[in-house]
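Numbering (our numbering), first residue to last: 13 to 268.
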C-alpha cells in the first residue's frame with residue numbers, strides 16, 4: 013500500500029464499529045513480534061518507551077532520534093503505523109512532514125493544556141502538513157485535560173476535554189485521545205460530548221476492558237508504555253530466576 017492508502021486504512025479502522033486495539037511498540041523487534049499476529053491491524057509507537065530505550069525521560073528525547081526509530085519500525089512492517097510525537101517538538105507541522113517521510117501515517121500529539129487557540133493552531137498545522145504531502149494524516153489529538161488537570165473537579169476536566177476535543181475535530185483531527193483511568197460514566201460523558209467513534213483511550217490497570225469501551229462508543233484503545241513495562245517485568249523476573257539457578261522456560265519462542 014502507498015502511504016495515502018495506509019492512512020485511509022487507518023482512518024477506516026477508527027471509524028469501524030469495532031474498537032481499534034493497538035498494542036504499542038518501541039523498536040523493530042517488538043513491532044515485528046506484534047505485527048506477526050493475525051489480529052494486528054495497525055501499530056502505534058509508544059514515545060515513552062522509545063525514550064526509555066535510548067535512556068531519555070519521557071518527553072525529552074530529541075526529535076531526530078524519535079523519528080529514526082519510527083522510520084525503522086515503519087520500514088519493518090507492512091501495516092499502518094501511528095507515531096507518538098510528544099507535543100510536536102515546537103513545530104507540529106514540520107514534525108508531521110518529517111514523520112510522513114519516515115513512513116508514519118498518523119500520530120498522537122499532545123496539547124499539554126496549552127491555550128486552546130494555540131493547540132487548535134497546532135492541529136490545523138498537522139492536518140495541513142498531511143494534505144501538502146498527499147496523505148490524509150490520522151491525528152489522534154491528545155488532550156491532557158485529565159493527566160495535567162491537577163486537583164480540579166472531574167467535571168471540569170470532562171468539560172475541558174469536550175471543549176478541546178470538539179475544537180480539534182473541527183480543525184481536522186481524526187480522534188481525540190483522552191488519557192487517564194476513565195470509568196464508564198466519565199467515558200459516556202466524553203463520547204456524548206465529543207462524538208461516537210471519536211474518542212480514544214488508554215488501557216491502564218484499573219481501566220475498563222476494550223470490549224467495555226467499545227460498547228460505550230470509543231474508537232480506539234492503546235496501551236502506551238505499559239507494554240514495555242510488561243516485557244521488562246518478564247525480563248527482570250527471568251533474570252532473578254536465572255540467578256537462582258533457574259532455566260530458560262521450555263515454551264520460549266524464537267521471536268528474534
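Backbone N, C-alpha and C define an ideal beta-carbon position, used for all residues, glycine too. Here the structure is a predicted model, which is why all the values come from computation and not from measurement.
Which whole-angstrom value is the C-beta distance of residue i and residue j, which I expect to be below 8 Å?
| i | j | result |
| --- | --- | --- |
| residue 187 | residue 231 | 5 Å |
| residue 150 | residue 100 | The pair is not a contact, with the Cβ atoms about 15 Å apart (cut-off 8 Å). |
| residue 123 | residue 155 | 5 Å |
| residue 61 | residue 240 | 4 Å |
| residue 140 | residue 105 | 6 Å |
| residue 192 | residue 159 | 6 Å |
In its own chain, which residues sit with a C-beta less than 7 Å from the C-beta of residue i, not counting the 5 before and 5 after it?
| i | result |
| --- | --- |
| residue 47 | 55, 89, 91 |
| residue 179 | 128, 132 |
Tell me the residue span of the beta strand (DSSP E) that contains residue i.
| i | result |
| --- | --- |
| residue 268 | Neither: residue 268 is in no beta strand (DSSP E) and is coded neither H nor E. |
| residue 271 | Limits of the chain in this structure are 13 at one end and 268 at the other, which puts residue 271 out of reach. |
| residue 31 | Unbroken run through residue 31: none, as it is neither H nor E. |
| residue 118 | 118-122 |
| residue 232 | 232-234 |
| residue 96 | 93-96 |
CB-CB under 6 Å to residue i, same chain, minus the five flanking residues each way: which ones, in chain order?
| i | result |
| --- | --- |
| residue 59 | 96, 98 |
Just reading off the alpha helix (DSSP H) that residue i is part of, what are its end residues?
| i | result |
| --- | --- |
| residue 143 | 128-144 |
| residue 193 | Segment: none, residue 193 is in no alpha helix (DSSP H) and carries neither H nor E. |
| residue 250 | 238-255 |
Taking Cβ to Cβ, would you say residue i is nearer than 8 Å to residue j?
| i | j | result |
| --- | --- | --- |
| residue 190 | residue 228 | no |
| residue 152 | residue 212 | yes |
| residue 199 | residue 225 | yes |
| residue 219 | residue 194 | yes |
| residue 79 | residue 111 | yes |
| residue 173 | residue 157 | yes |
| residue 75 | residue 233 | no |
Any heavy atom of the ligand COA closer than 7 Å to the Cβ of residue i?
| i | result |
| --- | --- |
| residue 198 | What this structure holds is no ligand at all, so the ligand COA is not there to describe. |
Here's a check: name, in chain order, each residue in its chain whose Cβ is nearer than 8 Å to the Cβ of residue i, leaving out the five neighbours to either side.
| i | result |
| --- | --- |
| residue 72 | 63 |
| residue 23 | 148, 150, 186 |
| said: Does the stretch 257-266 come into contact with the stretch 30-40, if we say contact requires no fewer than three beta-carbon pairs (one atom in each stretch) closer than 8 Å? | reply: At 8 Å Cβ cutoff, the stretches do not touch.
| Is the stretch 80-87 touching the stretch 108-118, taking contact as three or more C-beta pairs under 8 Å? | Yes, since at least three Cβ pairs between the stretch 80-87 and the stretch 108-118 fall closer than 8 Å, the two stretches touch.
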